[in-house]
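Peer 1:
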Amino acid sequence: MTMISLTPLEVWIRNKIEIGLSTPDRSFQDALNNYHLQRLKNVINYARQKSQFYAHHLALVPEEPLNTLADMSQLPFTMPSDLSDNPWHFLTVHQEDITRIVTLRTSGSTGKPKRIFFTQEDLELTIDFFAIGMSTFVKPGQRVLILLPGDQPDSVGELLARGLKRIKVDSFAHGPVRDIKTAIDKIVSLEIDSLVGIPTQVLTLARSREGAVLKKGMIKNVLLSTDYVPQSIIKSLEEIWGCSVFNHYGMTEMGLGGGVECDAHNGYHLREADLYFEVINPETGEIIDDGSSGEIVFTTLTRKGMPLIRYRTGDIARFIREPCPCGTVLRRMERVRGRWDGRVFLGMGQTITLPEMDEALFSVPWLLNYRVTMTNHNERILLGIEVYADSDHSHQGPEVTRVLRDIPQISKAIERKSLELGPVQFREDDWFTTGVAKRGIIVNERG
Ligand SMILES: [Zn+2]
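For reference, each letter of the sequence shown is one residue, going 106 to 552 in this note's numbering.
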């Protein structure tokens, strides 16, 4: 049996809140709660005083709203639409103190982008978290290829590279995969042993014909980020490469990094020195504290340029109540299961999400990626599927159809004739041009 190492986040957080390593777990926990309470009070005051948005948004909140952490439930949420409506009103510093602006295109029909602002200090905290998070699985001397956007200064890939440098790990920026062979050649020529990338892109490298040159054991660790991560992709990478796969959870609004799995590979430990997390009932807004699933909400504790208070992520997860096998007292959040607004209704109260489809479809061992379209046509949903695979699999469409039919909601919808499966269409190219765009089920209202 191998030892499961303690998450490095514990020591990092103990240092940040100035609680020594020898302080017993119980007191550490109390100190962390107290740190959160004090920081939350500060951020509420700071945001109210400095940001035009929060001055208005928190106008009805009492002067000293928090006695305990549970009192957070008294504060209003910040919605993603608030960020796209008027991002500049969130600023708490002068415009010239902003070093980096990230523009996020929203998938909604309004089309107004969200803008997230960072000061130099804000970016520094992200680099610091990246360094500590990566130290979970890479050691000095290892060589990492970063398959995330990294050509702009202060982009996620570039900040990650700076974090890795601090822990003496060599890293190489590649950017999202656009051509399989180029990426594979780089892995070989640079003697890469670890990858950081987008789940479906890394899977494509492992499963593609060109990827066969990467023998088992060459890639030791993989960090998957930017999207929720299907278990079927993790399992497949572990089998093909014999590597360890770690999950990172984060979004730009969080300051890119949010949490990372430990050696136990069972849920993230969170960036609790910089962020305060809650799980809420997405319908009632109440805090869920019994470990059941809900929407992740976070508050920034250390953000200088643009604090966010109770920001609704739309992501679904839960806190795991059982202690982590790595031995930390830090909380653990189960892997994100998808998005609340990502559900597609199939009639009769049934829904389906992309993560549910991912689990099924990525279990097909030759499938590299796919795209699902649902079109309402004569009171029926027509489910169209395009599959990306090497050409020698183009006769295996029926396998994809079978896997789709085996998804319980789909089979029920087919049975009651409210859904019809279209033919499987094969494609070989054009899949990487979307870069890091979030995947989703494409819904057309009429056919
Ligand atoms: Zn752990």
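Note that beta-carbon positions come from the ideal geometry of N, C-alpha and C, so glycine has one too.
1. Indicate the three-state DSSP secondary structure (helix, strand or coil) for isoleucine 385 in the structure shown.
2. Taking the continuous beta strand (DSSP E) assigned at valine 449, which residues delimit it?
3. So, at 6 Å on beta carbons, what are the nonlocal neighbours of serine 156 in its own chain, with the 5 sequence-adjacent residues on each side left out?
4. Nearest to aspartate 190 by alpha carbon, out of Asp202, Asn172, Gly216 and Leu174?
5. Mapping the DSSP letters down to three states, classify threonine 183 as helix, strand or coil.
6. How far does the beta strand (DSSP E) with tyrosine 56 in it reach, from first residue to last?
7. Measure the Cβ-Cβ separation of leucine 473 and threonine 309 and say whether it is below 7 Å.
8. Spatial neighbours of glycine 262 within its chain, please: C-beta separation below 6 Å, excluding the five flanking residues on both sides.
9. In or out: glutamine 154 buried (at least 16 other Cβ within 10 Å) or exposed?
10. Measuring CB to CB, does glutamate 315 end up less than 7 Å from isoleucine 289?
11. Rank Pro335, Asp298, Ala236 and Asp446 by C-alpha distance to the C-alpha of isoleucine 272 and give the top, closest one.
12. With a threshold of 6 Å, establish whether the CB of alanine 288 neighbours any heavy atom of ligand 1.
13. Using the three-state DSSP reduction, which class does glycine 364 fall into: helix, strand or coil?
14. Please go through the same chain and pick out, in chain order, the residues whose beta-carbon is closer than 6 Å to the beta-carbon of glycine 540, but skip the five residues on each side of it.
15. Using the three-state DSSP reduction, which class does isoleucine 457 fall into: helix, strand or coil?
16. Would you call the stretch 365–374 and the stretch 236–246 touching, i.e. three or more CB-CB distances under 8 Å?
17. Measuring only the C-alpha atoms, how far is threonine 305 from glutamate 377?
18. Does leucine 264 come out as helix, strand or coil in the three-state DSSP assignment?
19. If you scan the stretch 311–370 from start to end, which runs of the alpha helix (DSSP H) of 4 or more residues do you find wholly inside it?
20. Can you tell me whether alanine 369 sits near ligand 1, meaning its C-beta is under 6 Å from at least one heavy atom of the ligand?
21. Distance, Cα to Cα, valine 449 vs leucine 526?
22. Specify the secondary structure class of aspartate 394 as computed by DSSP and reduced to three states.
23. I want to check one thing, is the minimum distance from the CB of threonine 204 to the heavy atoms of ligand 1 below 6 Å?
24. Considering only C-alpha positions, which residue in the set Ala494, Gln514, Val166 and Asn483 is nearest to glutamate 550?
25. So methionine 239 is in the alpha helix (DSSP H); what residue range does that whole segment cover?
26. Residues in the same chain with beta-carbon distance under 6 Å from valine 334, minus the five sequence neighbours each way, listed in chain order, please.
27. Do valine 402 and arginine 426 have their CB atoms nearer than 7 Å?
28. Give the straight-line distance between the Cα atoms of aspartate 298 and isoleucine 292, rounded to the nearest whole angstrom.
29. Let me confirm a value: tryptophan 117 is counted as buried when at least 16 other C-beta atoms fall within 10 Å, else exposed. Which label applies?
30. Measure the alpha-carbon distance for asparagine 386 versus serine 496 and round it to whole angstroms.
31. Give the secondary structure of glutamine 257 by DSSP, where H, G and I count as helix, E and B as strand, and everything else as coil.
32. State whether the stretch 201–209 contacts the stretch 420–434, with contact taken as three or more CB pairs (one from each stretch) at a distance under 8 Å.
33. Would you say threonine 433 touches ligand 3, meaning its beta carbon is less than 6 Å from a heavy atom?
34. Whole angstroms are fine: how far does the CA of leucine 111 sit from the CA of glycine 246?
35. Measuring only between beta-carbons, confirm whether alanine 164 sits less than 7 Å from chain B.
36. Within the continuous alpha helix (DSSP H) that includes threonine 287, where are the two ends?
Peer 2: In short:
1. Assignment of isoleucine 385 by DSSP, reduced to helix, strand and coil, places it in the strand class.
2. First-last of the beta strand (DSSP E) with valine 449: 449–452.
3. Within the same chain, serine 156 has close Cβ partners Phe195 and Thr197.
4. For the residues Asp202, Asn172, Gly216 and Leu174, the minimum Cα distance to aspartate 190 belongs to Gly216.
5. DSSP places threonine 183 in strand when its eight states are reduced to three.
6. Within the shown structure, residues of the chain are numbered from 106 to 552, placing residue 56 beyond reach of any answer.
7. Cβ distance < 7 Å, so leucine 473 and threonine 309 count as in contact.
8. Cβ within range, chain order: Ile251, Leu253, Pro254, Gly255 and Ala278.
9. The residue is exposed, with fewer than 16 neighbouring Cβ atoms inside 10 Å.
10. Yes, these two residues count as a Cβ contact at 7 Å.
11. Nearest neighbour of isoleucine 272 by Cα position, chosen from Pro335, Asp298, Ala236 and Asp446, turns out to be Ala236.
12. Result no, Cβ not under 6 Å from ligand 1.
13. Strand.
14. A caution first: glycine 540 carries a pLDDT of 49, below 50, which makes its placement in the model unreliable, though a value can still be read off. Closer than 6 Å at Cβ, skipping near neighbours: Pro281.
15. Strand at isoleucine 457.
16. Counting Cβ pairs under 8 Å, three or more are found: they touch.
17. About 28 Å.
18. The three-state secondary structure of leucine 264, taken from DSSP, is helix.
19. As far as the stretch 311–370 is concerned, its whole alpha helix (DSSP H) runs of at least 4 residues are 336–346.
20. At least one heavy atom of ligand 1 is nearer than 6 Å to the Cβ of alanine 369, so yes.
21. When only Cα atoms are considered, valine 449 and leucine 526 end up about 15 Å apart.
22. In this structure, aspartate 394 counts as coil in the three-state DSSP scheme.
23. No, the Cβ of threonine 204 stays beyond 6 Å of every heavy atom of ligand 1.
24. Looking at the Cα atoms, Asn483 is the closest of the given residues.
25. In the DSSP assignment, methionine 239 falls within the alpha helix (DSSP H) that extends over 225–239.
26. Cβ-Cβ distances below 6 Å link valine 334 to Pro304 and Asn352 in the same chain, with the five nearest sequence neighbours on each side left out; the list follows chain order.
27. No.
28. Each residue's alpha carbon lies about 8 Å from the other.
29. So tryptophan 117 ends up on the buried side.
30. Cα-Cα distance, rounded: 45 Å.
31. Correct three-state label for glutamine 257: coil.
32. Because the criterion of three Cβ pairs below 8 Å is not met, the stretch 201–209 and the stretch 420–434 do not touch.
33. Ligand 3 is not part of the structure shown, which contains ligand 1 as its ligands.
34. Each residue's Cα considered, the two are about 21 Å apart.
35. Here there is only one protein chain, and chain B is not present.
36. Following the DSSP letters along the chain, one finds threonine 287 inside the alpha helix (DSSP H) bounded by residues 285–294.
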